[in-house]
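All remarks here apply to the structure that follows.
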Amino acid sequence: MPRIMVSVDDKSLSDLPRLITDLRQAGLKVDEVLEAIGTVTGSISPDAVGSLMAVPGVAHVEWQRDITIPPDSST
Numbered sequence: 001m002p003r004i005m006v007s008v009d010d011k012s013l014s015d016l017p018r019l020i021t022d023l024r025q026a027g028l029k030v031d032e033v034l035e036a037i038g039t040v041t042g043s044i045s046p047d048a049v050g051s052l053m054a055v056p057g058v059a060h061v062e063w064q065r066d067i068t069i070p071p072d073s074s075t
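FYI, full-length UniProt numbering numbers position 43 of the sequence shown as 43, with every residue one higher than the one before it.
What follows is the structure, encoded as structure tokens:
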């Protein structure tokens, strides 16, 4: 399943436990809650991503990108 980053609206940070419950009910498998920066990471079925934006308190949903560094070719 694709990995997602959910940004939490500043006004909803005080109600983060409710928001996380709502995200789970919308289909997000929560991996990490970064409360200090208002971000929740996890994975979700591609066809369910739109349901995350309907959760009250969600400011933005973004696909996580995998970054790889190629091996050093000088050795």
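The C-beta atom is built at its ideal place from N, Cα and C for all residues, glycine as well. This structure is a prediction, so every number in the text was calculated from the model and none was measured.
Rounded C-alpha distance that separates Asp9 from Ala59: Taking the sequence shown and counting its residues from 1, the one referred to as residue 9 is at position 9. Taking the sequence shown and counting its residues from 1, the one referred to as residue 59 is at position 59. The alpha-carbon atoms of Asp9 and Ala59 are separated by roughly 5 Å.
Length of the line joining the Cα atoms of Asp31 and Gly50: Looking up residue 31 in the sequence shown gives position 31. Looking up residue 50 in the sequence shown gives position 50. Going by the C-alpha atoms only, they are around 19 Å apart.
Pairwise C-alpha distance: Arg3 and Ser43: What you label residue 43 is simply residue 43 of the sequence shown in a count that begins at 1. What you label residue 3 is simply residue 3 of the sequence shown in a count that begins at 1. Near 4 Å, if we compare the C-alpha coordinates of Arg3 and Ser43.
Beta-bridge pairing of Gly42 - partner residues as DSSP gives them: Position 42 of the sequence shown, counted from the start, is the residue given in the question as residue 42. Partner(s): Ile4 and Val30.
Helix, strand or coil at Val49 according to DSSP, with G and I counted as helix: One-based indexing of the sequence shown puts residue 49 at position 49. Looking at Val49 - three-state DSSP - the assignment turns out to be helix.
Selection from Val40, Asp66 and Leu28 that minimises the alpha carbon distance to Pro46: Position 46 of the sequence shown, counted from the first residue, corresponds to residue 46. Minimum Cα distance to Pro46 is reached at Leu28.
First through last residue of the alpha helix (DSSP H) which encompasses Gln25: Here residue 25 refers to the residue found at position 25 of the sequence shown. For Gln25, the enclosing alpha helix (DSSP H) has its first and last residue at Leu16 to Gln25.
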